[in-house]
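Structure first, then comments.
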Amino acid sequence: MPRFRIHHVNRYRYAQDIGLNYGEARLLPRDTPGQRVLESRLELDPGGDDRHDRLDAWGNRVTWFTLRRPHAGLAVTASSLVERVVTDLPNASPPWEEVAAHLARPIGEAEEAGDDCILARECRLPSAFVPLESAALDYARASFPPGRPLLQAVADLAARIHADFRYRPNATRIDTPLAEVLAERHGVCQDFAHLAIAGLRGLGLAARYVSGYLETTPPEGQPRLEGADASHAWMAVYLPHQGWFEFDPTNGGPAGEGHLTLAWGRDYGDVAPLKGVIYGGGMHSLEVGVTVSRVPAGDHAG
Amino acid sequence: MTLSQTSLFPDTPDYHSLPDAWDEMWNPQAGVRPHWRQLVEGLAGLDARDWSARNQRIKRLLRENGVTYHVYDDPRGYTRTWELDPVPLVLGAGEWAAIEVGLEQRARLLDLVLRDLYGPQTLLRRGLLPPELILGHAGYLRPLLGALPAHRHHLIFYAADLARGPDGRVWVMADRTQSPSGAGYALENRSVMARTFPELLESNRVVRLNAWLDTVQASLNALADRAREIPQVVVLSPGPANETYFEHAYLAARLGYSLAQGDDLTVKDGRVWLKSVQGLKPVDVILRRVDEEWCDPLELRADSRLGTAGLVEAVRRGQVALANPLGSGLLENPALMPFLPALARILLGEELLLPTAATWWCGQEQEKAHVLANLARLVLKPINRGYSCETVFGADLDRKQLAAWKDRIRAQPHLYVGQEPLTLSTVPALHGGRLTPHRASLRAFLVARADGAGYAALPGGLARCASGGKLSGQRGALNKDTWIAPARLPQKGPSATPHRRESGLLTSRAADNLFWAGRYLERAEAVARLLRAVLDGLWEEETTPGLGPVLEALMGLMGYAPGECGCAERSDLSACVRELTTQPDRPGNLAHSVRALLACAYGTREYWSVAIWRLLDRVERDWGSHARIRSRGEAGRERTDLWLGRLIDALAGLAGLASETLSREAAFRFFDLGRRIERGQTQALLLSRTLESGLAGEAERESLSLVLQSADSLVTFRRRYRSEPFLAGLLDLLLWDTDSPRSLIYQLRTARRHLQELTATGQRGRAERLLFSAEERLHASEAMVEDLIVDAGERQRLIVILRELGGLLASTSDAVTHAWFTHVQEQHVLLAAGSEG
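Those sequence lines, one after another, are chains A and B.
Heads up: take any position in the first sequence, counting from 1, add 1145, and you land on the numbering used here.
Heads up: take any position in the second sequence, counting from 1, add 22, and you land on the numbering used here.
Here's what the structure looks like:
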């Protein structure tokens, strides 16, 4: 079972000293059926004055903090060690229409619905970053001919997004609307995840957003660039009674061994790795560095 | 049907009820309904003059009490006066008792629904509420899930919009749970009616409202977590620009709470603190009038400037209670209505008592089909208020619009409901000098009881009516007091302890506003006096040569370079007056000072008495009427003089009243501190310009006389010296005379005394040290006065000292600002780390 060490630094620099800073981080990975978190810690530099770790509505780990002493910059650093347990996708899955119909049925009084079922209902609805977008639905339809098994269809959609869209860092902002991504045919992982989610929801399916990291394999013969990696995002689709299955439209296939999960929600807005409000100042910059390295077998001591 | 038997209104005895509606007063078969008879007889006893007088009185009381309802984007600006119809809505005590029980049940039910949805969500898991109905509503605040505190009630305030159908049944049209507004207006309506028709309230045995606020206060106090003798409660308001700001200030004043805005609060160590002039004070309970989404820029809307970062976390830690709690807007979802009867059976084991307007949620297939098939007949509502579209009546839509609605509903059916339209009952209201039937609705208000035993309803409510067929949100409705009568029990006299409780903490913001109200009041008065003196001089056949210093001081105060305003040229005096009084963007201009004074007063309205409000109202109206005259170029000498005189009187009256009615606490001290600093600066400026002018002989006497006149000290001077003005005497009176409230030394000493009182620690702050050194400088200069007339050098030194004093006072003002007032630091949302991978 492969293990990965994650080091994620977010460094804010302010044009002038800030005396009051409130922040919320979702930078500590969660346990999932495919992942065990062995170690994790979050450090603030300078240290926070008040800090509270909790789980949010979806079970993600959240750190709320404040800094009340003047500071010229803030570094939020998360370090974790996680173990991946990869399971293959099932070979067969029901036709996608069947799943959509199942999700549209009222919840019966007889059997009490579980968390996943409620979350699935929530993940069928439009959300702030994934509004109802007919162009996204039109795009997705080509992957969903009648009767096609759900997972096959989603895999096809992910592959098509990978093929049709150019990955261009900095081409889009956090709030770039989907319509623009569709029109320009480029974006980053977050845009592609939102696009796939919008298509699936448009078809009446339940899709959620996953925030995390990707182990990037360096091109052959070149050294691995430390800190050059960014945080990653992909999506998952819900199969009743079986759970959530993850696909990565940026890379055109199912999520694999190197996909390490931080948190999930309806869209980026629910799981932003780091957000904050400051008083005073205004001009500031943010520099992010992510390193995901595989721990060689037998070197698990930490 | 007509009501011709009784002459309800002398000039128009006929009241025609409408054929399609239930009339609240008139029964076509039996005449005036029994519970209206007493009122109708009472009103019939009034003659036309009486009617007119009472109606005028209502208007005057509302205006003087500053009862306003701000309509966004209204060209008339902030202060639209509330319109109250003289005829109340009367409900029989028996019928009301049934309504009350129904409302109370509904509040209990909604409270349980709220508790479940932010807790175990059994209603969703068992399929009792479709998840989309809740999860797709904007009021479902995910950061608050699992964060409801362990109070007996979560829903503290509940309001319902009620209407009566043609068959006489009362229906619930809408539930208000987010931050229900209107109770303050209802209470104010009653107090105006009680002063206008005291004998009718008495003879009708109208149930009184005064006990309800006690229940509100007890309920809010009970929310405080810690065993504190007097919990700290604040009213959180979006500020004076909000449509119901009057009510926020009204409740704060009536309940003795501090009125705060988002940046008056800060979250530290997981709890909420109020920035007061006594430092940070812990807040236990927040009466929330900021819409929930806007309350915390960190966890709710990032673009909000009305909230307090960290508030959600403080709630989560149980360190502060909000009424209503964040997340309660979820219950305003009209799609919940059709599910309530079943929920009442399951959660309460009771049948729902009050009927709810028949509502179909389009998130269900059959219901959607029904709505689509009956679109042109139904009322169409989005489940989220204030989103993409508003409530519409299908009957008002043309084919194209109907098609657009169909598309909208088909695209996102879970966001819409269709509702059976109700033909509203009518109630007589005064319109165009006669009583005509108006369509009516009633908002009723409930508050959770402190002991957990259900809810208490305000015995009455806010009735609104309109002459058209419909009632729309903000526009065009007329308000009515609501009378529940006759009371069964003998009523207690006026509350023995009037609702004047100890005042809340003085927030830094309020102190800031009071300080500036003082400064602007003084500035406006000084400018008006100087202006009058200048105009007096200018309007003479020949320009008075002694005008120089006063004109210079005026220009200095108003921030003009000499000659810039054109006053020195007599050719177009009206233009000059216009220039000096109509540039609201120019600090120092009279228009600016008056407007800024009104804004500061409006922002601290919970501190001002009715009498002061009356004067402020007069200033505002005078200003408006003269502005019209000025704009027509009709502001001749006499009119302008008269107007300035009235303005000066009103401003002086305000200052006097404020000194008498603001209690001698911090509020008064900040207000008076502002006045003293401003007046000190004005005097220093005026006198230095006088010394600089170097006038002699007749011109000097004339100039000194004008200076004394604009300092309101001519009479004092004459009485004291029994002579024509002379420089040494003038300086003595206006600089060093410790007894004269116009002297500079008096301003410095009074200001310093205020600062001493305000500084609890006894430590001398920077502002106080500045004033102390100003006093020393002024004292030292007193010895020079003997030589002033002969020695130009001494005169020059005094000019320098006066300028220094002006500077010291400006620094004092800065020091006060720094020491006490909110240093509002601009709030910024940090760049969020996106997922770039």
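All residues carry an ideal CB built from backbone N, CA and C; glycine is no exception.
Since the model is a prediction, treat every value here as computed from it, not as a measurement.
Query                                                                                                                                                         : Result
Any beta carbon of chain A sitting closer than 7 Å to that of B/Glu335?                                                                                       : yes
For the putative contact between B/Cys226 and B/Leu61, defined by C-beta atoms under 8 Å, what is the C-beta separation to the nearest angstrom?              : A small fix is needed here, since residue 226 of chain B is Asn in this sequence, not Cys. Yes, they are in contact, since the Cβ atoms of B/Asn226 and B/Leu61 sit about 6 Å apart, within 8 Å.
By the three-class DSSP mapping on this structure, what secondary structure does A/Met1428 have?                                                              : coil
For a minimum of 3 consecutive residues, which ranges assigned as the beta strand (DSSP E) are wholly contained in the region 1319 to 1407 of chain A?        : 1352 to 1359, 1377 to 1384, 1388 to 1393
Just verifying my parser: in three-state terms, what is the DSSP assignment at B/Val109?                                                                      : coil
Only counting the same chain, and skipping five residues up and downstream in sequence, which positions put a Cβ closer than 7 Å to that of B/Val439?         : Pro356, Ala357, Thr381, Trp382, Trp383, Cys384, Lys403, Ile405
What number of angstroms, rounded off, separates the C-alpha of B/Thr266 from the C-alpha of B/Ser203?                                                        : 7 Å
Measuring CB to CB, does B/Leu258 end up less than 7 Å from B/Arg310?                                                                                         : yes
For the region 836 to 854 of chain B, which residues have a CB atom closer than 8 Å to at least one CB atom of chain A, in sequence order?                    : Gln847, Glu848, Gln849, His850, Val851, Leu852, Leu853, Ala854
Which two residues bound the contiguous beta strand (DSSP E) that contains B/Ile506?                                                                          : 504 to 507
For B/Leu157, return the contacting residues in chain A, with the cut-off set at a CB-CB distance below 7 Å.                                                  : Arg1266, Glu1267, Leu1270
Please state whether DSSP places A/Phe1149 in a helix, a strand or coil.                                                                                      : strand
Take B/Ser725 as the anchor and find which of B/Gln769, B/Val851, B/Asp639, B/Ala575 has the nearest alpha-carbon.                                            : B/Ala575
What is the DSSP secondary structure of B/Pro165, reduced to helix, strand or coil?                                                                           : helix
Whole angstroms are fine: how far does the CA of A/Pro1418 sit from the CA of A/Leu1226?                                                                      : 17 Å
Once DSSP output is grouped into helix, strand and coil, what is the label at B/Trp234?                                                                       : helix
Among the candidates A/Arg1229, A/Thr1208, A/Ala1202, A/Asn1155, whose CA atom is the shortest distance from the CA of A/Leu1183?                             : A/Arg1229
From B/Leu666, B/Ile670, B/Ala680, B/Thr604, pick the residue whose C-alpha is nearest to that of B/Ser631; which is it?                                      : B/Ala680
Taking a contact to mean a Cβ-Cβ separation below 7 Å, would you say B/Ala688 touches B/Leu528 in this structure?                                             : yes
Can you pull out the residues from the region 1232 to 1257 of chain A whose beta carbon lies closer than 8 Å to at least one beta carbon of chain B?          : Pro1251, Ile1252, Gly1253, Glu1254, Glu1257
Which residues bound the alpha helix (DSSP H) around B/Met577?                                                                                                : 570 to 580
If you drop the 5 nearest sequence neighbours on each side, which residues of the same chain put their C-beta closer than 7 Å to that of A/Ala1273?           : Asp1412, Gly1414
Kindly indicate the opening and closing residues of the alpha helix (DSSP H) around A/Gln1180.                                                                : It is not in any alpha helix (DSSP H) - A/Gln1180 instead sits in the beta strand (DSSP E) that spans 1180 to 1190.
Does the count of Cβ pairs from the region 415 to 426 of chain B and the region 69 to 86 of chain B closer than 8 Å reach three?                              : no
Less than 7 Å between CB atoms is the rule here; does A/Glu1402 satisfy it with respect to chain B?                                                           : no
Taking B/Ile634 as the reference, which of B/Leu619, B/Val289, B/Ser647, B/Gly646 has the closest Cα?                                                         : B/Leu619
Could you work out which residue in B/Arg147, B/Val449, B/Phe794 is closest to B/Arg55 when comparing CA atoms only?                                          : B/Val449
Taking buried to mean at least 16 other C-beta atoms within 10 Å of its own C-beta, is A/Arg1330 buried or exposed?                                           : exposed
Would you identify the three-state DSSP class for A/Gly1421, choosing helix, strand or coil?                                                                  : strand
How would you write the range of the beta strand (DSSP E) that B/Gln849 sits in, first residue to last?                                                       : 849 to 851
Quick check: what's the CA-CA separation for A/Ser1388 versus A/Gly1259?                                                                                      : According to the sequence as given, residue 1388 of chain A is Gly; it is not Ser. Looking at the two C-alpha atoms, the distance is approximately 11 Å.
If you draw a straight line from the C-alpha of B/Glu798 to the C-alpha of B/Ile767, how long is it?                                                          : 10 Å
So, at 6 Å on beta carbons, what are the nonlocal neighbours of B/His175 in its own chain, with the 5 sequence-adjacent residues on each side left out?       : Asp133, Ala470
Checking contacts by CB at 7 Å: is A/Ala1217 closer than that to chain B?                                                                                     : no
Sorted by chain position, which residues of the same chain lie with C-beta nearer than 7 Å to B/Trp645's C-beta, five sequence neighbours on each side aside? : Val616
Using DSSP's beta-bridge definition, name the partner residues of B/Gln441.                                                                                   : B/Thr381, B/Val401
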